[in-house]
Every structure is written in C-alpha cells, then in structure tokens.
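Below is one structure, written out as structure tokens; the observations come after it.
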Amino acid sequence: MAKKVASIPRGYRTATPQLVIRGADAAMAWYVEIFGAELLSCLRSDDGLTVIQGELKIGNSIIRVMDEMPAFGILSPLAFGGAPVGLHLYLTKTDEIWERALAAGAGVLFELSDAPWGERFCKFVDPFGHVWSVAHRIAPAPAVPAETEAGTAVAEGLEQTVVSPEAPSGFSVHEPRADMVVPTAEQAMHLRSASEAA
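Here the sequence shown is numbered in our numbering, starting from 9 and rising by one per residue.
Given below as structure tokens:
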C-alpha cells in the first residue's frame, strides 16, 4: 500500500511568502543574522549560482526566497524602485532586531517605539528592497471607542474614516505614526478584533 502523501509539506502553513531578491545568497545570510532565521534548504539552477528556491524558517513560519531572473520577467523590488508589500513578524526581541537591522544597512520606515495599540513596533526596508515590520505585544489591546475625536467611527462592523481638518497632511492609514493617540481606522479594526478575541 502506498504511503499517504500530506497535501501540505511539513512545517508549512497555508500562505507562504516568496521573495524575489537581487542577491539571494546575501539576503539569506542577512535574514539569518538579523531575524535569527534558520536556513532549511537551498536549490540552485544548473549554473550552481542562481538560487531557484531557498527555504528559511523565522520563528514558526517558513518563507521562500529566489534570485531575480530578469530574462524570465522575475524581478526584485530593486528593479521597481521599491516593494508594494511588506512582511510583518511577531518576535520577542524587537529591540535587538531593530539594532541589528540598522547596523546592517536597513532603512528606517518607522522608528522603534511603544505604539498606542499595545505593541513594541518598528518598520524598515532591508538592503534588498523588501519591507519588514517587527513587533511584540507589550499591553492588552485597548478598548476601541465607538467614535474618536479625529472622526474615525467604528459601528456595527462597518468602518468609516472622516478626514478632520486637524488631521496631519499626507498621513496614510497604512503608515501609522507612533505619536498618534487616536487609532486609525485600520488600527481600530485590529484592536476591535483583538478585544473580541480576548
């Protein structure tokens, strides 16, 4: 009788990020140094140099990396001038990761701080163009008010954001500021979910 094959490989979860990188070997070494990633495997093309698939484990999650291959239309963030997506990590040593990342050439997107939504949080871009945010919880999720002074209302599961004249210009709900006391609509939704789950 043939052995049953698991539909999901051991250690994998439903969604697995795959990063296209200009210089995958250097990036894998960077992720090992900064995040404490474990290199699980590395498959190379016939040239012995190009990484077709590298597997790294960060905490309990696996990510895949591969080299940029412009001839096949496989491009890294450096080819586009930036990454349209980011990866978020929950790890316990956010401060240490922040210091290592900056010392190893990361660009600051959001300074390390105690965020008002109850997390020690930071965000940076690595030398290969990929965006990372790292956090750990430091406080229970605060209760979400039905309506805030900034005009962000959360009612009956529907979010509405009303732009206040006092709101800082150029502020995006996708880039929360550490000095914001009132949560953005995006943060309010996350806080409400966390409060309901508690």
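Positions of the beta carbon are idealized from the N, C-alpha and C atoms, including for glycine.
Check, Outcome
"CB contact flag (V133, V142, <7 Å)", "no"
"7 Å CB neighbourhood of G137 in its chain, flanking five on each side removed", "S84, P85, L86, G90, A91"
"One or two residues paired with K65 in a DSSP bridge", "E46, I70"
"A114 versus S49: straight-line alpha-carbon distance, rounded", "25 Å"
"Own chain, CB closer than 6 Å to V93, minus 5 neighbours either side, in chain order", "none"
"N- and C-terminal bounds of the alpha helix (DSSP H) containing R128", "Looking at the DSSP string, R128 is not in any alpha helix (DSSP H); the run it does join, the beta strand (DSSP E), is 127 to 133."
"Nearest candidate by alpha-carbon position, reference H144, set L110, I105, A35, K65", "I105"
"Reference T22, options S121, N68, A45, closest by Cα", "N68"
"Secondary structure of Y20, DSSP reduced to three states", "coil"
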